[in-house]
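Reviewing the structure listed below.
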C-alpha cells in the first residue's frame, strides 16, 4: 500500500507538472490510499486485540492472565498512538474538501467523515489520561471479580470513586455540554444526550410500570418445564441448528462456550459468537446464542467494500443491540418461531418436554416477574432495570449522589421501580460489570433500551414491507427478514449516525410506538390485560431530539 | 518501565555529580531496565503472533484466513522494526562492557549476550529481504496446500526455486562461511555447521542402515491391535491423563485438536499443546500429545526470572526436539511406561484391546518397517528420512542439484537409503511443509536427528543420577525424571548455546553413544538382533565440532 501511495504521489506530481484539472485528483486519491492504509492498520490492531480477548474468555488457562493483560495493553497503546498520529490528522484535513465534493452517502465521503470524527475524539484525550483510565479499568475489573462473590462493596468504593472522577474528567475534554454524561453517551450513540434519553425513559416508564404491576399481581406463571437435565452437547447442537437457520454464516463464524456470552469480530470473514450452557435449565444457552447471532449477522452483513475501514462495523451500540434483541426476542421468543422449532426441540429433548404443549412452553419462556438480576429479566421488566441504572449514573456523574451511598440508593430505587430490593450488594449494585471495568463509567446501559426500541421499529418496518415474514418464520424461513435487514441496515455499516440511519432504514425517525405496540400486543394477549390488541394505539410523542 | 528508566537515569546523573564508584553502575542499570522493556515488547509481539497462529490452526473458520494473514504480517513487521531498532543496538553496545564484568552464566550477562546475538543477526538482513521472504513463504505455503493433494510438483517448482535462491541470499548476508547452509543451520543450532552434521549423520547411518535391513528382512510385525474404532473423546481423555501425570501443568496449558500437532507458548503461564485424533487408529493422538507435552514441559520449566526476555524459551530447535522425543519415545514407547498405563488403556478401550497382552501391544507400537512418510516412521528408520532430506537440501543449496530434478533425486535416494520409493510426489518430495513455507528453506530437518541424539543423552544422564527412574515410570511416577530435567536443562532457558548447555546438563559434550546404545538395546531385544544388550559398546567418535 505504501508503494501504491508513493506511485500515486509521483503520478500526482506529474499531473501538476502537466497542468490541468486532474492535478487535484491524483494527490487526493494518493492521500486516500494512505489514509486507508493507516486505518487498516488501526483496524487490524483492534482485531488482534479482539482475538486476545476472545481467547481469554473461551480457552485461556488461568495461568495466562497476567501476560495476556500486558499484551493487550501493548496493542491498545500501539493502536492509540496510530489513532492520534498528527500525520493522520493532516491527511484528514487535506481530504475533507475532497470529501465535501462527493455525495454525503458515498463510501469515501462517509469514510473521511467518520474517520475524522474518531480522530477528533481520540486526540482530545491526553495520552496520560488514556493510560490512567486503562490501568484503572484493569485494576478495577480485577478487584470486582473478587469483590462481587465476597459481597464486598467497600473494596470497590475507591475504584468506583476514581472511575466516576475519570468519567467527569473525560467529559471535561469535550466541554461544553449540557449534562456531564453527554460526551459519554455520544460515544455510544452519536447525537444522543442525557435529555433525549430521560425523555424516552419517562414515556416508556409511564407505559411499563402499570403493565408490570398488573402482570405481577397475577398468579406466578409456571416455567418448570424449563428445569430438568438438558445435555450440554444437545443444547449446543440445538443452538447451532437455530442460528444457522437464521442465516448466521458458520463458514465465517463459530460458537464457543464462555461465562458471559459475547460476539467478537476479527474480520468480515470471522465473526464469532459464544454462549453459556446450564445443564439444569433450558433457555439461557439458546437465547444467548440467538442474541449473539443477531450481533454477528449484523457484522457479517456489512458491505464487503467497507471491510478494513472504520465503516466496517455496526452503526452504534444501540443499533447493534437492536439486532441482538430483534433476533432473540421479537423472533426467538415469538409464537411463529416456536411453531416451527418446538417440534424439533421436543425431538431433541423428548424426556424433558413430553406432555408440555407449545402454549405452556411459549408462556414459560415469556414469563414476566419481578427479579433482582438484569440479565435474567423478562422483556417487560428489563427496561426498568436499565432506567434505574441510568438514573443512578446521572446522579453520580453530576454530583447529586455520592458513590458511598450507592448501595442504599440502589435498594431504594429497586423498591420504588420494581417492587423488590436485593438482600445484598452482590445481587445489587455489584451485579453488573459495566461500572467496574467492562467499559468507561457511564454511557452504556441506555444502549440496551435503545436497542429494544429500535429492534421493534426495524422489525415493524420489515413486516410492513413484507407482511409474509411471520408466516415464513412459522415455517422456519428467515431469508426475507434477514434480506430486508441486510439491504436496509446491515450493509451500511457505520456510514451513518443513528439519527440518519433509522429514517433511511425505516422511513421514520426513532419512535417508541412500534416497541410499545409490540409489548402491548404480546403481553396483553399472554396475560389477558385490558387494552391489548392492535386497535389500542399508544400515546407516544417523538423524542425531543435524535 | 519508561518511568523507572528515567528515574534511574536521573539518579545516575546525581551519582555522577556526587562522584564515586557508583556513577557507572546506575546508568547501566537504567539502560538494562530500558533494554528489558524493549525486549519485553518484542517478546509480547511474538506471543501475540503465536496466539493468532494457534487460533488459525485450531478454531478459526475458513473465512478468517485472508485478514488473519494480513494481521500476522503486521505484527511480524512491528516486531522486526523493534528488533533492528538502532537504539536497541546502542543499548546493547553500551551494556556489553557491563555484561563482561558479570559472571558469564549470570542471567544479566546471558541476557545481554543473547540479545546482542539476536540483534546482530536481525540487522544483517535488509528489510526488503525480510518482506520478500515473508511474502514468498505465505504464497508458497498457500500454493503447497493445493499442490500436494493435486500431486503437482510443477506448480511448486517456481516457488521452490525462489526459496532456494532466497536461502542462498540469506546465507550471503552472513558470509564468510564454509558451506552455504551453515548460516541457516546456525540459526537453529548455534555453533553447528553442515560439516558437523554430515559427520554425525555418517556415523549414525553406519549403525542404522544394517539394523533397519536386518529388521525389515524379518516377517512384518503385527500391529492390527492398533486398528479399530477408538472414540475421539476417550482418546483425548487418555491423552490428558497421561500428559497430566507426566507433569504438564494444565493450569498453565491446555490441549486442543488440530491437523498438524504443535506446541505454542504465549507466556510462562500459558503453554498449549495440540494433537490430532483418528478414530480408526490408536496411537497418533497419544504419541503426538506426549511429543508436544515434552516441548511444553520444557517451556513451562524455564526459570520464571527469565520470563519476558529472549532467554525465556528453549535453547535451540535440536534441544527442544530432544525433549519431545524423550517424552514420546524414550518414556512413552518404553516398556516401563506401559507396565503402568497399559491396564488403564485396556480399561478405557476394553472392546478393542481384549485378548491383546502388553507384549503384543508394546511390539505393535514399536513396529519397525520401511515407509514413505517421515512423520509416521518408527524410531529406527526415522533418521534415514531426515538424513536424506538434509543431503538433498545441501545439494540444492550448494548447486550440485537443480530443483527441477528434485522428484527424481528423491526417489533415487529413498530407494538407496530406505529400500522403497514413492509412486508419486505427494508421498515424495511434496510431503513435508518445511521446504514450502513452514520455515526458511534449509536449516530445519537436522534438528529432529539432533533431538533424537540429545534426548537419549539427557535421559541417560538422568538415569545415571537416579537409577530408580525406570522403576518409578513403571509405577506411573515421573517426578524424579521431570525434576532432573528441570534442574539441569529446562530452567536455563536460552541462556546457553547447545555446545555449553549439553556438558552443563549431562557432564559430557554431545555424543551419539547413549542414543545408539538405546536403539541397540531396545530393538536388539524386540527383534532378537545379534550384538544387542548393554555389553556391546557402540564404536562412536565424538563429533568433529559442537
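Chains as they are written, first to last, in the working numbering: chain A, 1 to 546; chain B, 1001 to 1546.
Note that beta-carbon positions come from the ideal geometry of N, C-alpha and C, so glycine has one too.
{"Query": "Per DSSP, the bridge partner or partners of residue 316 of chain A", "Result": "Partner(s): none; residue 316 of chain A has no beta bridge."}
{"Query": "Partner residues on chain B for residue 62 of chain A, Cβ-Cβ distance less than 7 Å", "Result": "1251"}
{"Query": "Minimum Cβ-Cβ distance from residue 1372 of chain B to chain A less than 8 Å", "Result": "no"}
{"Query": "Whether residue 512 of chain A touches residue 200 of chain A by CB criterion (8 Å)", "Result": "yes"}
{"Query": "Neighbour list for residue 400 of chain A in chain B, Cβ cutoff strictly below 8 Å", "Result": "Chain B residues near residue 400 of chain A: none, gap ~38 Å exceeds 8 Å."}
{"Query": "Sub-8 Å separation of residue 478 of chain A and residue 247 of chain A beta-carbons", "Result": "yes"}
{"Query": "Residue-level contact to chain A via CB, residue 1135 of chain B, 8 Å cutoff", "Result": "no"}
{"Query": "Residues bridged to residue 1267 of chain B [DSSP beta-bridge criterion]", "Result": "B:1270"}
{"Query": "Test: residue 1409 of chain B CB closer than 8 Å to a CB of chain A", "Result": "no"}
{"Query": "Residue 1280 of chain B, buried or exposed, once every other Cβ within 10 Å from all chains shown has been counted against 16", "Result": "exposed"}
{"Query": "Min CB distance residue 1489 of chain B to chain A below 8 Å", "Result": "no"}
{"Query": "Below-8 Å beta-carbon distance, residue 312 of chain A vs any chain B residue", "Result": "no"}
{"Query": "Beta-carbon proximity list for residue 1526 of chain B, same chain, < 7 Å, skipping 5 on both sides", "Result": "1363 and 1366"}
{"Query": "Extent of the continuous beta strand (DSSP E) to which residue 256 of chain A belongs", "Result": "255 to 257"}
{"Query": "Under 8 Å between C-beta atoms of residue 1339 of chain B and residue 1294 of chain B", "Result": "no"}
{"Query": "CB contact flag (residue 1486 of chain B, residue 1312 of chain B, <8 Å)", "Result": "no"}
{"Query": "According to DSSP, residues forming a beta bridge with residue 1038 of chain B", "Result": "For residue 1038 of chain B, which the question treats as bridged, DSSP gives no partner whatsoever."}
{"Query": "Contact under 8 Å by Cβ, residue 1290 of chain B with residue 1332 of chain B", "Result": "yes"}
{"Query": "Stretch pair the region 44 to 62 of chain A + the region 1060 to 1079 of chain B: three plus CB contacts closer than 8 Å", "Result": "yes"}
{"Query": "Beta-carbon separation (whole angstroms), residue 122 of chain A vs residue 95 of chain A, contact threshold 8 Å", "Result": "With 8 Å as the limit, residue 122 of chain A and residue 95 of chain A do not qualify as a contact, their Cβ atoms being about 17 Å apart."}
{"Query": "Residues of the region 1260 to 1275 of chain B whose Cβ lies closer than 7 Å to any Cβ of chain A, in chain order", "Result": "1266, 1267, 1269 and 1270"}
{"Query": "Classification of residue 1224 of chain B by the beta-carbon crowding that lies within 10 angstroms, buried from 16 upward", "Result": "exposed"}
{"Query": "Contact residues within the region 1217 to 1235 of chain B, judged by C-beta distance below 9 Å to chain A", "Result": "none"}
{"Query": "Proximal chain A residues relative to residue 1305 of chain B, where beta-carbon distance stays under 8 Å", "Result": "None at all; the shortest Cβ gap to chain A is about 15 Å."}
{"Query": "Span separating the alpha-carbon of residue 24 of chain A from that of residue 102 of chain A", "Result": "Note on residue 24 of chain A: pLDDT 46, under 50, position unreliable in the model; no value is reported."}
{"Query": "Per-residue DSSP class, three states only, for residue 281 of chain A", "Result": "strand"}
{"Query": "Segments assigned alpha helix (DSSP H), at least 4 residues, entirely inside the region 380 to 437 of chain A", "Result": "406 to 418"}
{"Query": "Three-pair Cβ contact test at 8 Å for the region 415 to 430 of chain A versus the region 165 to 177 of chain A", "Result": "no"}
{"Query": "Reduced DSSP secondary structure (H/G/I, E/B, other) of residue 1352 of chain B", "Result": "helix"}
{"Query": "Beta-ladder partner(s) of residue 275 of chain A, from DSSP", "Result": "A:257"}
{"Query": "Touch test, the region 1316 to 1325 of chain B against the region 1451 to 1467 of chain B, Cβ-Cβ under 8 Å, three pairs minimum", "Result": "yes"}
{"Query": "Check: residue 1498 of chain B C-beta below 7 Å from any heavy atom of the ligand FMN", "Result": "The ligand content of the structure shown is nil, which means the ligand FMN is not present either."}
{"Query": "Minimum C-alpha distance to residue 1418 of chain B - residue among B:1506, B:1265, B:1372 and B:1091", "Result": "B:1372"}
{"Query": "As assigned by DSSP and simplified to three states, the class of residue 1446 of chain B", "Result": "helix"}
{"Query": "Counted within 10 angstroms of its Cβ, other Cβ atoms place residue 1063 of chain B as buried (16 or more) or exposed", "Result": "buried"}
{"Query": "Minimum Cβ-Cβ distance from residue 59 of chain A to chain E less than 8 Å", "Result": "Of the chains in the structure shown, none is chain E; the protein chains are A and B."}
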